[in-house]
């Protein structure tokens, strides 16, 4: 039976771009080329980024599109060895079309997921210049190359909330509806969202007013997760996505959603199967522990003061209204859709990283959700992303048949 809804295309809310080598050189004066992020080649022929006195080779795991799993490796990779879709917007469209990806939201690479590179720079004034150049390139060139196929993601100067607000306003005026934020700013040397002095309040107030989504990618705290100092890497990598649960709980108990009712967050590449457990556990903790916490009793230096009225806090309602999860391939998450909510789930493909399902993206998702109603399938495939990011995709391309 033919579907009455378009279910052959998805919107991926977590992909990645490896910045083209000329990004900053094309946008900054020639006098700044040597100190802007730029590409150099060493004596072995390996290319790498240079910025602020540091060298940054490209990880092979960040550009595996087109390779077999047996070829995956974290070893440095030349741009010439990458699939062009990793760094070229036009070539990316060809790969998107092949995989049933109608539109894509891309996180950066050399800047790291929320622009930590510029926050750590010795010259933050010039770092801001470079950050703005990246945002302009993302909106004007990457997304502008194919209107309706890319969702622009804005970086903010994490080191100065006032400047961050200005950049949110500037980029919102240019069409951006989301910005990259850290899952946990503390390891970056920055105040958390619980800061008593309200460090992030201006940023979140602006995001609320501008209706810009805070998109948080796993790993945006610049930490490599470790179960124990000598735990095997594969165990750590398996466990690593659980960091996203910490971000979700931190926000649910922060009071941010109560102060800013239009503020929404998207948790990228954290999967969703863990969500029902942590929502349930949060309710159990509130029920059993809220009375002594309200009295101000401290236990094992349990952290900052709770910012909410724990007697009226509705964890699930707050989650449903403000939190959006994303999945690549998560059978347990889809099995728990009634608990998570069909309006809070989006899909992602992670192109061109090693967790990606490319080129089988649409088939993987449809195999997971094919038993659901067409209306729910449509929400997961694209409808929720369109609503959250206030994004109108282009019409699906008409592909040539063999």
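Numbering (the numbering used here), first residue to last: 336 to 737. Ideal placement from N, C-alpha and C gives every residue a C-beta, glycine not left out.
Where does the unbroken alpha helix (DSSP H) through residue 601 begin, and where does it stop?
First-last for residue 601: 600-603, but that is the beta strand (DSSP E), not the alpha helix (DSSP H).
Starting from residue 465 and walking both ways along the alpha helix (DSSP H), at which residues does that stretch end?
459-471
Could you tell me whether the Cβ atoms of residue 346 and residue 687 are closer together than 8 Å?
Cβ distance not < 8 Å, so residue 346 and residue 687 don't count as in contact.
Is residue 375 helix, strand or coil when you go by DSSP?
strand
Taking the C-alpha atoms as reference points, what is the distance between residue 597 and residue 545?
9 Å
Beta-carbon within less than 8 Å of residue 444's beta-carbon, same chain only, minus the 5 sequence neighbours each way: which residues are those?
Excluding sequence neighbours, residue 444 sits near 351, 352, 353, 354, 393 and 397.
Residue 424 classed as buried or exposed, judged by whether at least 16 other C-beta atoms fall within 10 angstroms
buried
Grab the span of the alpha helix (DSSP H) containing residue 579 for me, first residue to last.
578-587
Give the DSSP-derived three-state secondary structure of residue 382 in the structure shown.
strand
Pull the bridge partners of residue 390 from the DSSP assignment, please.
Within the DSSP secondary-structure output, residue 390 pairs in a beta bridge with 385.
When 715, 702, 734 and 691 are compared against residue 400, the one with the closest alpha-carbon:
691
Are residue 586 and residue 528 close, meaning C-beta to C-beta below 8 Å?
yes
Cβ separation of residue 697 and residue 343, assumed to be a contact under 8 Å, to the nearest whole Å
7 Å
Give me the DSSP bridge partner(s) of residue 485.
439
With the cut-off set at 8 Å, would you say residue 447 and residue 557 are in Cβ contact?
In this structure, the beta-carbon distance from residue 447 to residue 557 falls below 8 Å.
List the endpoints of the continuous beta strand (DSSP E) containing residue 681.
680-682
Spell out a yes or no on whether the stretch 482-499 and the stretch 462-474 are touching, meaning 3 or more CB-CB pairs, one atom from each, closer than 8 Å.
Yes: the two stretches touch, three or more of their Cβ pairs being nearer than 8 Å.
Can you grab the Cα-Cα spacing for the pair residue 413 / residue 356, in whole Å?
Taking the straight line joining both Cα atoms gives about 11 Å.
With residue 579 and residue 553 assumed to form a contact (beta carbons below 8 Å), what rounded beta-carbon distance in angstroms separates them?
5 Å
Applying the 10 Å Cβ sphere with the 16-neighbour rule, what's the burial state of residue 702?
Exposed, by the Cβ-count rule.
Could you say which of 710, 410 and 681 lies nearest to residue 600 if we only look at CA atoms?
Residue 600 has its Cα closest to that of 681, out of 710, 410 and 681.
Tell me the rounded alpha-carbon separation between residue 714 and residue 378.
51 Å
Using 10 angstroms around the beta-carbon of residue 685, count the other beta-carbons present and answer buried if the total reaches 16, otherwise exposed.
With 16 or more other Cβ atoms within 10 Å, it is buried.
Helix, strand or coil at residue 336 according to DSSP, with G and I counted as helix:
With a pLDDT of 47 at residue 336, under the threshold of 50, the modelled position of that residue is not reliable, and the figure given next carries that caveat. Three-state result, residue 336: coil.
Do residue 503 and residue 542 have their CB atoms nearer than 8 Å?
yes
In the DSSP assignment, find the alpha helix (DSSP H) that holds residue 668 and state where it starts and stops.
Where residue 668 is concerned, the enclosing alpha helix (DSSP H) stretches over 666-670.
Within 8 Å, do at least three Cβ pairs link the stretch 462-469 to the stretch 360-368?
yes
For the putative contact between residue 381 and residue 411, defined by C-beta atoms under 8 Å, what is the C-beta separation to the nearest angstrom?
6 Å
Kindly list the residues whose CB is nearer than 6 Å to the CB of residue 625, restricted to its own chain and excluding five residues on each side of it in sequence; keep chain order.
If we look at residue 625 and ignore the five residues flanking it on each side, its Cβ neighbours are 645.
Could you have a look at residue 737 and say whether DSSP puts it in helix, strand or coil?
For residue 737, the predicted structure reports a pLDDT of 48, less than 50, and the residue's modelled location is therefore unreliable. A value from the coordinates is still provided. Three-state result, residue 737: coil.
I'd like to confirm the pairing. Which residues does DSSP put opposite residue 345 in its beta bridges?
436
According to DSSP, simplified to helix, strand and coil, what is residue 711?
helix
How big is the Cα-Cα spacing for residue 506 and residue 633?
43 Å
From the DSSP output, which residues share a beta bridge with residue 659?
Per DSSP, the beta bridge partners of residue 659 are 601.
Using only the heavy atoms of the ligand ZN, determine whether one of them is closer than 7 Å to the beta carbon of residue 442.
This structure simply doesn't include the ligand ZN, nor any ligand for that matter.
Among 712, 630, 607 and 652, the one whose alpha carbon lies nearest that of residue 618
652
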